[in-house]
Amino acid sequence: MHKEIIGKATLYLGDCREGMAGMSDKSFSLAIVDPPYGRGEDGGTDRCSKVKQKNGTRLQCLDGGYKKKDWDKEPPPPEYFTDLQRVSQHQIIWGVNYYPVALPGGRIIWDKINDGADQSGAEIAYNSLNQRVDVVRYMWRGMMQGVSVRRGTVQQGNKALNEKRIHPTQKPVKLYGWLLDTYATPGQTIIDTHFGSGSLVIAALERGFHATAYEIDPEYFEAACIRIEQSLQQLQLAL
Ligand SMILES: C[S@@+](CC[C@H](N)C(=O)[O-])C[C@H]1O[C@@H](n2cnc3c(N)ncnc32)[C@H](O)[C@@H]1O
Numbered sequence: 004m005h006k007e008i009i010g011k012a013t014l015y016l017g018d019c020r021e022g023m024a025g026m027s028d029k030s031f032s033l034a035i036v037d038p039p040y041g042r043g044e045d046g047g048t049d050r051c052s053k054v055k056q057k058n059g060t061r062l063q064c065l066d067g068g069y070k071k072k073d074w075d076k077e078p079p080p081p082e083y084f085t086d087l088q089r090v091s092q093h094q095i096i097w098g099v100n101y102y103p104v105a106l107p108g109g110r111i112i113w114d115k116i117n118d119g120a121d122q123s124g125a126e127i128a129y130n131s132l133n134q135r136v137d138v139v140r141y142m143w144r145g146m147m148q149g150v151s152v153r154r155g156t157v158q159q160g161n162k163a164l165n166e167k168r169i170h171p172t173q174k175p176v177k178l179y180g181w182l183l184d185t186y187a188t189p190g191q192t193i194i195d196t197h198f199g200s201g202s203l204v205i206a207a208l209e210r211g212f213h214a215t216a217y218e219i220d221p222e223y224f225e226a227a228c229i230r231i232e233q234s235l236q237q238l239q240l241a242l
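Quick note: to get this note's numbering, add 3 to the position in the sequence shown (first position is 1).
Structure (structure tokens):
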């Protein structure tokens with residue numbers, strides 16, 4: 004399987020299930036994963052709707068233009084979840100409401116503050132680390148992004164500071180940063196089985212974690228590697 008090493012991240016181009024098959028039990032401290040939900044959100048849809056601004060006006064909000072792929076036809080089979088629990092001590096699994104498995108435990112709800120966009124208003128993750136329901140609010144809709152997770156309901160005024168989106172179901176680096184700050188401890192090893200745009204990897208490198216991640220699509224893989232490399236360079240410049 005093709006492998007790239009960027010800083011403390013090891014990135015594989017290939018099927019995560021093949022990768023997990025060769026791993027020892029509990030190889031990773033924490034899995035933070037975002038597998039296909041089976042909802043057809045794999046590009047090709049141009050979302051062009053108007054979003055209400057603070058001053059009451061409506062702004063045309065472009066959220067699309069991604070090449071159509073076919074990775075989101077169905078969620079992973081139950082065996083994927085069994086394997087993930089075998090290779091990692093703890094798991095945070097986005098999309099828990101879509102999967103063919105029961106995952107009793109904690110939940111994390113990400114409220115996207117997206118004012119009724121045609122994507123879901125919130126996403127739900129399984130969290131093996133506790134039994135609570137934790138809520139994080141961070142605006143994420145096209146060009147509208149929150150200032151920070153702390154001020155996630157406040158729109159970033161300077162669009163130049165927005166996170167660039169390269170993937171149809173990209174999750175924000177700031178959201179992954181909050182997950183790591185809240186649920187991981189320094190020195191832990193992190194695995195992401197479906198890295199897409201690489202947002203989790205970027206957040207992990209920013210915090211000095213070792214991360215291992217898989218992505219099956221060569222175009223996403225290449226674009227994410229460039230994005231991760233650039234973010235690492237910026238990080239090193241800032242030191
Ligand atoms: C929901 S997206 C992940 C988005 C990611 N969390 C982000 O922030 O960009 C799921 C990704 O899994 C990839 N994928 C699908 N099946 C896979 C598999 N068996 N192994 C590795 N990657 C896979 C898809 O190409 C897609 O990029």
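Using N, Cα and C, we set each Cβ at its ideal position, and we do this for glycine too.
Any idea what DSSP makes of GLY109, helix, strand or coil?
-> strand
How would you label GLN239, buried or exposed, when you count the other beta carbons within 10 angstroms and need 16 or more for buried?
-> exposed
THR215: buried (16+ other C-beta within 10 angstroms of its C-beta) or exposed?
-> Buried, because 16 or more other Cβ atoms sit within 10 Å of the Cβ of THR215.
Would you call the region 124-133 and the region 70-78 touching, i.e. three or more CB-CB distances under 8 Å?
-> Judged by pairs of C-beta atoms under 8 Å, the region 124-133 does not touch the region 70-78, as fewer than three such pairs exist.
Any chance the region 217-231 sits against the region 11-31, with 3 or more Cβ pairs inside 8 Å?
-> yes
TYR217 CB to nearest heavy atom of ligand 1 below 6 Å | At least one heavy atom of ligand 1 falls within 6 Å of the beta-carbon of TYR217.
Taking Cβ to Cβ, would you say PRO81 is nearer than 7 Å to VAL104?
-> The Cβ atoms of PRO81 and VAL104 lie closer than 7 Å to each other.
Nearest-angstrom Cβ-Cβ length linking ALA206 and LEU242, presumed shorter than 8 Å = That pair is no contact at about 17 Å.
Going by the CB atoms, is the gap between LEU33 and GLN191 shorter than 7 Å?
-> yes
Would a C-beta distance cut-off of 7 Å place CYS19 and THR172 closer than the cut-off?
-> no
Every unbroken beta strand (DSSP E) inside the region 123-188 [3 residues or more] | 125-130 and 136-140
Cβ-heavy atom distance, HIS170 to ligand 1, below 6 Å | yes
Report the rounded CA-to-CA distance for ASP75 versus ARG153, giving the unit in angstroms.
-> 31 Å
For ALA187, I'd like the list of residues in its chain whose CB is within less than 6 Å of its CB, leaving aside the five on either flank, ordered along the chain.
-> The residues are LEU33.
Taking the alpha helix (DSSP H) that VAL204 falls in, what are its first and last residues?
-> In the DSSP annotation of this structure, the continuous segment of the alpha helix (DSSP H) that includes VAL204 starts and ends at 202-209.
Would you mind reading off the limits of the alpha helix (DSSP H) that contains SER234?
-> 221-241 is the span of the alpha helix (DSSP H), which, as asked, contains SER234.
Residue from LYS174, ALA24, GLU232 and ALA227 whose Cα sits closest to the Cα of ILE35 | Closest by C-alpha distance to ILE35, out of LYS174, ALA24, GLU232 and ALA227, is LYS174.
State buried or exposed for GLN237, treating a residue as buried only when at least 16 other CB atoms are found within 10 Å of its CB.
-> exposed
State the Cα-Cα distance for the pair ALA24 and SER30, rounded to the nearest angstrom.
-> 12 Å
Can you tell me where the alpha helix (DSSP H) with GLU21 in it begins and where it stops?
-> 19-24
Could you tell me the boundaries of the beta strand (DSSP E) in which VAL243 lies?
-> Any answer about residue 243 is impossible in this case: the structure gives the chain only from 4 up to 242.
Can you tell me which of the three DSSP states TYR102 falls into?
-> coil
Between which two residues does the beta strand (DSSP E) harbouring ALA216 extend?
-> Note, ALA216: beta strand (DSSP E), 213-218.
Report all residues from its chain with a CB closer than 7 Å to the CB of ARG89; omit the five preceding and five following residues, and keep chain order.
-> ASP28
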